[in-house]
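Asker:
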Amino acid sequence: MAGNPLSNGACLPVLYDLLARGYFPKELPSPFTTQPFAVFATNTALVGDFAKPVNPKPKIKAAKPCRYSLARGGLLRRPLSLCHPVAHYLLCREIVNEWAAIAPSVSGTLISATHPEDKPSGRAIDGHWPQSARAELAHQRRLAKRFALHADISRFYSSIYTHSIPWALHGKQVAKTNQTHNLLGNRIDYLVRLGQDGQTIGIPIGPDTSLVIAEMLMHKCDGFLASQMPGLQGSRFIDDFELNFATQAEAENAHHLLETCLASYELALNPRKTAIFDLPRPIETVWATALKKLKPRSGVQAQAADLAILFDSAFALHQQYPAEAVLQFAISLLQFETIDPGNWQLFQRLLMLCALPEPASFPFAARLIVAKSATQNGGLIPELSSIANNLITTHSPLRHSSEVANAIWACLALQLTIGDAAVDAISGCDDPVVALLALDAENRHLTSKPIDKTLWCSHMNSAALYDEFWLLAYEANVRNWLPNQGGVDFVANDLNFGQLKTAGVHFYTPTQLPAATQPAPEVIQPQVATTLPPPSL
């Protein structure tokens, strides 16, 4: 569902799309959905906190988001948020209703590549340029330049000071003088904090609304740089800058100006990812260029040899670049390849060789096997079940959401049994996404024994509807997967969630589709090369 163009070239986001396609993080396993909530919220006469205006400041109970710990490769992780439905609905509604006032602050600059636009498919709001356009923009904007400043903001989304939102929209002096909800920036600030238990540091990572908020701040920084350096050339993808200059002195000046501007919004550059480079230099990372050359041929023997070469190369490059998405990228290159039936077993084994050394690659490998398994006759390798169980057993005690959740999802999609050790480990994993997938698996008789649900049952009460276990408390109640504490239907008794239950809203849809319909992994886009040793700034 596309938006409507405004006079300044920006687009008006649609509330339904923001709630259906721009709410939960895209990295969640496929059973998690917000489409039923979007249908409900945009076609129902809402009551309770959902119906309250934001000006003047309303009395709405603060809530917490569910947390989802995403493996990024190596030892790196990213904390994603499954925002509370009340706060997130109100924030989306405010952004849509006030888009005419917001649009000038996110409409794009000479260097912005990710100013938000509504999209007809995929995410509801995404950047103007996809991440795959990095190389193309670098080719264009490095012309006639000798030096490039690469700069990245340290923990960008997690370090945004919510009070800086009105600073960006209205100016710091106006925002400090007027702290009422008459000011749009104060309302957005309030709604972000409402969904984060009142916290002022950080905005959620995952929903599309956060891209809009991030671009409000970055739009100001772009404008400041352009005003100080006429003819500025380069690109910015969210918080990742490449600015190009004729002299090193200009690049150094840009670095200092950028630091100054960011500091005014309580942000700072990451010194490990900020450097000035001589041009020319490679556009793309060395490992991505090398892997792209290794396209498998057709024919059983030729394809088998080429697959072995591709993965051997990927393993060697992973050793050289352990913190980068080498294995994920190698796997994603194969999603459109037709695998010869004679190579199906080999294909699975090569994919699974990535999973334990680099758990961040397992979702890509599992989804690729699920997507292709319906067209293959060779069956699944037994090691697949062992690896999924190993991931569950190893990562459940650490509450590594993505490793455990995707391993359970693979067991659901491929009808694999979760063994005794993995069941015991899951029982101690206090994670709402993991819990719902595991309860689904038990309901489908895919666990070797009953799960000890004592830990999860402790969240089946009214308080949990407004803390980080709101998703488990709500969904396990409406599906009758866990008993209510004290035998009281706390969901039905809550004015906000009770109307969702009455309307049959679900945030989790048990996997029932054949394997061939499961989504293939998204193609990983490598960033512009920044791995050469940088000179000091």
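Take the sequence shown: its letter number 394 is residue 387 in my numbering, and every next letter is one higher.
Beta carbons: idealized from backbone N, C-alpha and C, even for Gly.
#1: I'd like to know if the stretch 348 to 362 and the stretch 384 to 397 are in contact, where contact means that at least 3 CB-CB pairs between them fall below 8 Å.
#2: When we look at the beta-carbon of proline 507 and count the other beta-carbons within 10 Å, is it buried (16 or more) or exposed?
#3: Could you check what DSSP says for isoleucine 198 in three-state terms: helix, strand or coil?
#4: Please work out which residues of its chain come closer than 8 Å, Cβ to Cβ, to phenylalanine 140, disregarding the five sequence neighbours upstream and downstream, and give them in chain order.
#5: Would you check if the distance between the CB atom of histidine 132 and the CB atom of glycine 120 is smaller than 9 Å?
#6: Using DSSP with H/G/I as helix, E/B as strand and the rest coil, what is leucine 5?
#7: Just checking, does the stretch 22 to 32 make contact with the stretch 55 to 67 on the three C-beta pairs under 8 Å criterion?
#8: Is it buried or exposed for phenylalanine 329, if we count other Cβ within 10 angstroms and need 16 for buried?
#9: Keeping to the same chain, check which residues put their C-beta closer than 6 Å to that of tryptophan 122; ignore five residues upstream and five downstream.
#10: What does DSSP give as the partner residue(s) for histidine 143 in the beta ladder?
#11: Counting along the chain, where does the beta strand (DSSP E) carrying phenylalanine 230 start and finish?
#12: With glutamate 376 as the anchor, note down where its alpha helix (DSSP H) starts and where it stops.
#13: For arginine 71, write down the residues that DSSP places opposite it in a beta bridge.
#14: Apart from the five residues just before and just after asparagine 470, which ones in its own chain have a Cβ nearer than 6 Å to its Cβ?
#15: Using a 10 Å radius around the Cβ and a threshold of 16 neighbouring Cβ atoms, would you call glutamine 492 buried or exposed?
#16: Who are proline 109's beta bridge partners in DSSP?
#17: Taking the alpha carbon of isoleucine 380 as the point to measure from, which residue in Val7, Gln369, Pro356 has its own alpha carbon closest?
#18: Do serine 395 and arginine 607 come within 9 Å of each other at the CB atom, strictly closer than that value?
#19: Buried or exposed: which applies to glycine 191, given that a residue is buried once 16 or more other Cβ atoms fall within 10 Å of its Cβ?
#20: My output table needs one value for phenylalanine 149: the three-state DSSP class, helix, strand or coil.
#21: If I measure Cβ to Cβ from leucine 8 and keep anything under 7 Å in the same chain, skipping five residues before and after, which residues do I get?
#22: Report, in whole angstroms, the separation of the C-beta atoms of glutamine 408 and leucine 361, which I expect to be a contact under 8 Å.
#23: If you drop the 5 nearest sequence neighbours on each side, which residues of the same chain put their C-beta closer than 7 Å to that of histidine 311?
#24: Using 10 angstroms around the beta-carbon of arginine 127, count the other beta-carbons present and answer buried if the total reaches 16, otherwise exposed.
#25: What are the boundary residues of the alpha helix (DSSP H) that leucine 255 is part of?
#26: Can you give me the C-alpha to C-alpha distance between alanine 531 and leucine 343, rounded to a whole angstrom?
#27: Could you tell me if alanine 509 is buried or exposed, where buried requires 16 or more neighbouring beta carbons within 10 angstroms of its beta carbon?
#28: Rank Lys138, Ala55, Leu326, Thr202 by C-alpha distance to the C-alpha of isoleucine 95 and give the top, closest one.
#29: Do histidine 163 and leucine 176 have their C-beta atoms closer together than 9 Å?
#30: I think alanine 434 touches leucine 405, with their Cβ atoms under 8 Å apart; what is that distance to the nearest whole Å?
#31: Quick one: Cα of isoleucine 411 to Cα of threonine 495, how far?
#32: Rounded to whole angstroms, how far is the Cβ of leucine 430 from the Cβ of alanine 398, which I believe are closer than 8 Å?
#33: Out of curiosity, what's the CA-to-CA distance linking serine 157 and arginine 265?
#34: Could you check whether the stretch 455 to 466 touches the stretch 35 to 52, counting it as contact only if at least three pairs of C-beta atoms, one from each stretch, sit closer than 8 Å?
#35: Mapping DSSP to helix, strand and coil, what is isoleucine 104?
#36: Under DSSP, the alpha helix (DSSP H) around leucine 162 begins and ends at which residues?
Answerer: Walking through what the data contain:
#1: yes
#2: Confidence is the limiting factor: at proline 507 the pLDDT is only 37, short of 50, which leaves the residue's position unreliable and the question unanswerable from this model.
#3: coil
#4: Asn237, Phe238, Ala239, Thr240, Gln241, Glu243, Ala244, Ile269, Phe270, Asp271, Leu272
#5: no
#6: strand
#7: no
#8: exposed
#9: Ala106
#10: Glu235, Ala268
#11: 226 to 230
#12: 375 to 388
#13: Leu63
#14: Val484
#15: buried
#16: Gly120
#17: Pro356
#18: It is not possible to answer for residue 607, since the shown part of the chain is limited to -6 through 530.
#19: exposed
#20: helix
#21: Thr35, Cys85, Arg86, Val89
#22: Not a contact, Cβ separation roughly 17 Å.
#23: Val319, Leu320, Glu351
#24: buried
#25: 241 to 256
#26: Shown here, the chain extends from -6 to 530; a query on residue 531 therefore has no answer.
#27: Reliability of the predicted coordinates at alanine 509 is poor, the pLDDT of 35 falling under 50, and the value obtained from them is presented with this limitation in mind. Exposed.
#28: Thr202
#29: yes
#30: 6 Å
#31: 34 Å
#32: 6 Å
#33: 25 Å
#34: no
#35: coil
#36: 157 to 163
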